[in-house]
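With the working numbering applied, the sequence shown covers 33 to 306.
For reference, the structure discussed in these notes is given below.
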Amino acid sequence: MPTETLIDRVWGEQPPPRVRSAVHANVTHLRRLLVVTGAELHEQARPVLVRQSGGYTLHVDQHQIDLHRFRTLASRARHRSCPDSERATILREALDLWSGQALCGVAGQWPTLTRSRWSMERLDAAVALLADFPFAEPLIVVLMRALHATGRRAEALERYASTRTHLVDELGADPGPELQALHHAILRGDADPPAFGSAPVAVPALLPMSIRSFIGRRRELALLDAAHATSGAHPTAVTVAAVSGAAGVGKTAWAHQLSPSAARAIFGTGSGTP
């Protein structure tokens, strides 16, 4: 992707003053994330982001990208050769790949249009599966979210009303709390109703760049390594170690010389500083 296209899609008509520096910083961060996520893959299968011809190219197996996996599964389920006994299972597997809002946190015309197109694809898969399970509440949640995301609010509310009527008439029960919460959010006009009981996204714990040579403080390093190694001896106890000093004296560089497990414990927030 050309750098200019990347800038336009991420920042639109209001890029930051030093936009190319921002691009380089984000690319560096993304490369670190790719190293972490690809650590368990075979070397030839690891995703790599490279700079070439005035832009960037991501070399990655399409089956490692949820969107492509979703499309492959949805296509298999739609094919007339797919047995009816397998179609529902394949569609459920496809829909399970969705987690939260696509391109979350990215504003602008291109992200908005892209989110809308992808929501339509998700909507089509949910409708196909609902043909077999018309009153499965988890699927109705997916369908209502997709309808609301594509501007079809009235249809989302109609789906809730018909589902509630069926549940009351046939089972004498109201919709579950997740479906009710989504219904109230759509009535309020929430642009992106939060997922019911959704857990916060885990932040990858990235260690700062290692320093090739580090001299001194071996005694202190040994003490902290030993404290960390014995911290599991008492399951109910919490080991706390404080590293103090003026800004810029090398606290972070020193902590990075610890054993990998101890360093991971200190930098576990992913913030890059102890």
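In this text, a Cβ means the ideal position worked out from N, Cα and C, and glycines have one as well.
TODO: Along the beta strand (DSSP E) that carries L89, what are the first and last residues, could you check?
DONE: Residue identity differs from the one stated: residue 89 is Thr in this sequence, not Leu. Per DSSP, T89 belongs to the beta strand (DSSP E) from G87 to H91.
TODO: Quick one: give me the first and last residue of the alpha helix (DSSP H) that V173 is part of.
DONE: E169 to A181
Task: CB of M176 within 7 Å of CB of R191, strictly - done: yes
Open item on the list: Less than 7 Å between the beta carbons of P34 and G86, yes or no?
Closed with: yes
Open item on the list: Using 7 Å as the threshold, is the C-beta distance between A157 and L127 below it?
Closed with: yes
TODO: Count the other CB atoms, across all protein chains shown, that sit within 10 Å of the CB of T60; report buried if there are 16 or more and exposed otherwise.
DONE: exposed
TODO: Measure the alpha-carbon distance for L214 versus A254 and round it to whole angstroms.
DONE: 54 Å
- [ ] Could you tell me whether the Cβ atoms of I122 and A139 are closer together than 7 Å?
- [x] no
- [ ] Count the other CB atoms, across all protein chains shown, that sit within 10 Å of the CB of T195; report buried if there are 16 or more and exposed otherwise.
- [x] buried
Open item on the list: Please tell me whether A120 and D164 are closer than 7 Å, where the distance is taken between their beta carbons.
Closed with: yes
Task: Neighbour-count burial assignment, A181, 16 or more Cβ in a 10 Å radius - done: buried
Open item on the list: Buried or exposed, going by whether 16 or more other CB atoms sit within 10 Å of the CB of Q46?
Closed with: exposed
Task: Element boundaries [beta strand (DSSP E), containing D81] - done: Position check: residue 81 holds Leu in this sequence, whereas Asp was assumed. L81 -> beta strand (DSSP E) spans V80 to Q84.
Task: Terminal residues of the alpha helix (DSSP H) in which W130 lies - done: Run containing W130: none; DSSP gives neither H nor E here.
Open item on the list: Whole angstroms are fine: how far does the CA of G132 sit from the CA of R149?
Closed with: 15 Å
Task: P209 (DSSP reduced to helix, strand or coil) - done: helix
- [ ] Classify P143 as helix, strand or coil using the three-state DSSP reduction.
- [x] helix
Task: Whole alpha helix (DSSP H) elements within the segment 105-130, 4-residue minimum - done: 116-127
Task: Backbone CA spacing between A106 and T146 [nearest angstrom] - done: 18 Å
- [ ] Please work out which residues of its chain come closer than 7 Å, Cβ to Cβ, to R101, disregarding the five sequence neighbours upstream and downstream, and give them in chain order.
- [x] H95 and L129
Task: Residue environment, S113, which counts as buried when at least 16 other CB atoms sit within 10 Å - done: exposed
TODO: Go ahead and label L256 buried or exposed: buried means 16 or more other beta carbons lie within 10 angstroms of its beta carbon, across all protein chains shown.
DONE: buried
- [ ] Below 7 Å CB to CB, which residues in the same chain sit around L81 once its five sequence neighbours on both sides are set aside?
- [x] V59, L62, R63, L66, Y88 and L90
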